[in-house]
Amino acid sequence: MNVQILTDPFGRLLWASPALPGSTHDLTAARQHGIIDALASAGLKCWADKAYQGAGGHVRVPFRGRRLKQWKRRHNTTHAKIRCLGEQAMATLKGWRLLRKLRCGTNRITNVVKAVVVLHHASA
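Residue numbers (this note's numbering): 171 to 294.
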């Protein structure tokens, strides 16, 4: 399954997208859910992993390659420190055993993810 999430700067889960099949590329999923356009129209920036290369100026991604200049390596280090909060939010979702073992359609997965997000906020 492919579920996109948005977090605040502190790593708190704000939104989880409807589920798409796992074969859907992350950038394609973000575009289908309107995340890229919403960021652009709101003038917001977000930090994402390398799968979002080509998403536009509102999505910050790390530099690719092995032989990077010093300033690019520093940028990637800072980028990773910022992104780790979002990764922690995703790990929180994946921590729910129910989501790790799901074998059903995307509509049911979407409802389960919504319920997990509500339960997560209620327990926080």
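Note that CB positions come from ideal geometry on N, CA and C, so glycine has one too.
Fair warning: this is a prediction, and the values are worked out from it, not measured in the lab.
Would you tell me roughly how many angstroms separate the C-alpha atoms of residue i and residue j, rounded to the nearest one?
i	j	result
P188	M260	15 Å
L289	T262	12 Å
L209	L197	14 Å
R273	K251	33 Å
A186	T248	25 Å
G227	A218	12 Å
Can you check which of these residues, the options, is closest to residue i by C-alpha distance?
i	options	result
A225	R201, N277 and R234	R201
V229	W241, M171, I279 and S211	S211
V173	F180, R182, L268 and P191	P191
L255	C216, T276, K220 and G235	C216
P232	L269, N246, L238 and T177	N246
C214	W241, D178, K239 and A294	Here the sequence assigns Leu to residue 214, which means Cys is not the residue at that position. Closest option to L214, Cα to Cα, is D178.
H265	H195, R236, V287 and T194	According to the sequence provided, residue 265 is Gly. The question's His does not apply to it. Nearest of H195, R236, V287 and T194 to G265, Cα basis: V287.
Between which two residues does the beta strand (DSSP E) harbouring residue i extend?
i	result
W185	L183 to A186
Return the bridge partner residues of residue i from the DSSP annotation.
i	result
R230	W217
L176	W185
Could you spell out where the alpha helix (DSSP H) holding residue i opens and where it closes?
i	result
K239	Careful: K239 lies outside any alpha helix (DSSP H) and carries neither H nor E.
T198	D196 to Q202
R267	R267 to R270
S147	Missing from the structure shown is residue 147; the chain here goes from 171 to 294 and no further.
L209	I205 to A212
Round the Cβ separation of residue i and residue j to the nearest angstrom and send it over; I've been treating them as touching at under 8 Å.
i	j	result
R243	K220	With 8 Å as the limit, R243 and K220 do not qualify as a contact, their Cβ atoms being about 15 Å apart.
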